[in-house]
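Note sheet for the following structure.
Residue numbers (the numbering used here): 235 to 394.
Pasting the structure below:
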C-alpha cells in the first residue's frame with residue numbers, strides 16, 4: 235500500500251511538472267521566467283544551499299531544460315519531406331537529446347554528493363620515489379639553467 239502511494243505521488247508530481255512545462259507562454263514571458271530561475275539558482279549557489287534548497291535549485295534548472303526540450307522537439311525540426319534539411323537537423327537534435335540525457339544522469343550525483351574521504355595514512359618509508367628528467371642535455375650548457383631550475387626548487391627529503 236505504501237509503495238503504491240509513493241508511485242502515485244511521483245506520477246502525480248511528474249504529470250504536474252509536465253503540465254507546467256507545457257503551458258503555452260509568450261517568448262517574453264519565457265525570457266523573464268528563465269531569468270528569474272537563473273537568478274534564483276545563482277542566489278542559492280551564493281548561499282551554498284544544501285539539502286532541500288539544492289534540490290529546489292536543481293528542479294528549477296531541470297524545468298528550464300524541459301521547456302527547452304519541448305520547444306526544440308515541437309517547434310524547430312523541419313518537415314521530414316525536406317530530407318536535405320531534416321537529416322542534419324535531426325542529427326543535431328539527437329546530439330542535444332544525448333546531452334540532456336547525460337544532464338539527467340548527472341543530477342543523481344549532483345543532488346546528494348558524497349563527502350570526500352580522508353586518504354589513508356601512508357608510512358613515509360613506503361612512499362615511492364620519483365626520478366626527475368630535465369631535458370637539457372642536448373642543448374648548449376648556457377641554456378641549462380632555465381629547464382633545471384624547477385627541479386632544483388623542489389623540497390626533497392635528504393633521506394630519499
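Backbone N, C-alpha and C fix where the C-beta goes; we use that ideal spot for every residue, glycine too.
The structure presented is a predicted model; accordingly, all values stated were derived computationally and were not measured.
Any contact of the stretch 292 to 308 with the stretch 335 to 347, i.e. 3+ C-beta pairs under 8 Å? The stretch 292 to 308 is in contact with the stretch 335 to 347.
Judging by CA-CA distance, which residue of 312, 275 and 261 is the nearest neighbour of residue 301? As a working note, residue 301 is residue 67 in the chain shown. Scanning 312, 275 and 261 for the CA closest to the CA of residue 301 turns up 261.
Would you say residue 324 faces chain D, with C-beta separation under 8 Å as the test? Among the chains in the structure shown there is no chain D, since it carries only a single protein chain.
In whole angstroms, give me the CA-to-CA distance for residue 310 and residue 290. For the purposes of this step, residue 310 is identified with residue 76 of the chain shown, where counting begins at 1. For the purposes of this step, residue 290 is identified with residue 56 of the chain shown, where counting begins at 1. The C-alpha of residue 310 lies about 29 Å from the C-alpha of residue 290.
Residue 270 in three-state terms, based on DSSP: Within the chain shown, numbered from 1, the residue matching residue 270 stands at position 36. If DSSP states are grouped into helix, strand and coil, residue 270 belongs with the helices.
Hey, could you find the ends of the alpha helix (DSSP H) residue 355 is sitting in? Taking the chain shown and counting its residues from 1, the one referred to as residue 355 is at position 121. Going by DSSP, residue 355 is part of no alpha helix (DSSP H) at all; its letter is neither H nor E.
In terms of residue numbering, what span does the alpha helix (DSSP H) encompassing residue 363 cover? As a working mapping, residue 363 is identified with position 129 in the chain shown. Counting along the chain, residue 363 sits inside no alpha helix (DSSP H), nor does DSSP assign it H or E at all.
Run through DSSP, which three-state label would residue 310 get? Within the chain shown, numbered from 1, the residue matching residue 310 stands at position 76. Secondary structure at residue 310: coil, using DSSP grouped into helix, strand and coil.
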